[in-house]
Amino acid sequence: MESTRKQKNNISSKTRVLVSSALFAALVCITTAFHIPVGNGGYAHIGDTFIYLAAVLLPKPYAALAAAVGAGMADVLTGAANWAFATIIIKPILVLFFTNKSDKIINVRNVFAAIIAGIVGTVLYMVAEGIMYGSFVAAFALSLVGLIQPIGSFIVFIVLSLVFDKIKIKEIIK
Numbered sequence: 001m002e003s004t005r006k007q008k009n010n011i012s013s014k015t016r017v018l019v020s021s022a023l024f025a026a027l028v029c030i031t032t033a034f035h036i037p038v039g040n041g042g043y044a045h046i047g048d049t050f051i052y053l054a055a056v057l058l059p060k061p062y063a064a065l066a067a068a069v070g071a072g073m074a075d076v077l078t079g080a081a082n083w084a085f086a087t088i089i090i091k092p093i094l095v096l097f098f099t100n101k102s103d104k105i106i107n108v109r110n111v112f113a114a115i116i117a118g119i120v121g122t123v124l125y126m127v128a129e130g131i132m133y134g135s136f137v138a139a140f141a142l143s144l145v146g147l148i149q150p151i152g153s154f155i156v157f158i159v160l161s162l163v164f165d166k167i168k169i170k171e172i173i174k
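The opening residue of the sequence shown carries number 1 in our numbering; numbering runs sequentially from there.
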């Protein structure tokens, strides 16, 4: 009887993580697809906010998959399919800086992780642009405008995290 109950709880836990991952992939896709165009032909969005939240609420492999699928789908759906390959490589890397071991979303590591993830993501997209268009100098010069996006994602991540910590979301989803 006890092993059946543990097995049932394990299945519901796995199902919860899988469904949460799909939800985060959808949130990443939607919040990336609805974006603000910026000067260099790129765009700013808050999709990374939900990648950061997934990274602190889900196991790393699931958060990475949600990041890759959600952001990759957004690229394809918004006519930027040429960026999808770079996106499905870059966005899961952002997950690696965060921890989900703490009882709270906001902690020193996750605040610094959001800053580092924003910088790393911007630099990796500059490298991808340099490879795609054959000019690293132009990619780095033009992509400095791209720093707007991680700053916006950082601010929204902090605000949502404070709210989620206040309502103890980590306890609710466990």
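Where is the CB? At the ideal position from N, CA and C, for every residue including glycine.
Note that the structure is a prediction, hence the values are computed from the model and not measured.
Contact check, residue i vs residue j, beta carbons under 8 angstroms
i: Ile90; j: Gly47; result: no
i: Ile51; j: Leu18; result: no
i: Leu162; j: Leu53; result: no
i: Phe136; j: Ile116; result: no
i: Asn100; j: Ala26; result: no
i: Ala139; j: Tyr133; result: yes
According to DSSP, residues forming a beta bridge with residue i
i: Ile105; result: Paired residue(s): none; Ile105 is not in a bridge.
i: Ile248; result: With the chain represented from 1 up to 174, any question about residue 248 goes unanswered, as that position is not in the structure.
CB-CB length for residue i against residue j, believed under 8 angstroms
i: Phe164; j: Ala114; result: The Cβ separation is near 14 angstroms, so there is no contact.
i: Leu57; j: Ile172; result: Not really, about 10 angstroms apart at Cβ, beyond 8 angstroms.
i: Thr49; j: Val156; result: 4 angstroms
Sequence-distant residues of the same chain with beta carbon closer than 7 angstroms to residue i, five excluded per side
i: Leu65; result: Ser21
i: Ile167; result: none
i: Ala81; result: Asp75
Own chain partners of residue i with C-beta closer than 6 angstroms, once the 5 adjacent residues on each side are dropped
i: Thr87; result: Ala71, Gly72, Asp75
i: Thr78; result: Ala33
i: Ala63; result: Ala54, Ala55, Val95
i: Cys29; result: Gly70, Met73, Ala74
CB contact check: residue i to chain D, cutoff 8 angstroms
i: Ser20; result: No chain D appears in this structure, which consists of one protein chain only.
Residues near residue i in its chain [Cβ-Cβ closer than 8 angstroms; skip 5 each side]
i: Pro61; result: none
i: Ile148; result: Val38, Ala44
i: Ile106; result: Ile158, Ser161, Leu162, Asp165
i: Ile151; result: Gly118
i: Ile36; result: Tyr43, Ala44, His45
i: Ala84; result: Gly72, Asp75, Val76
Is it the case that the segment 60-74 contacts the segment 12-32, given that we only count it when at least three CB pairs across the two stretches are under 8 angstroms? yes
Does the segment 126-144 come close enough to the segment 102-112 that 3 or more CB-CB pairs lie under 8 angstroms? no
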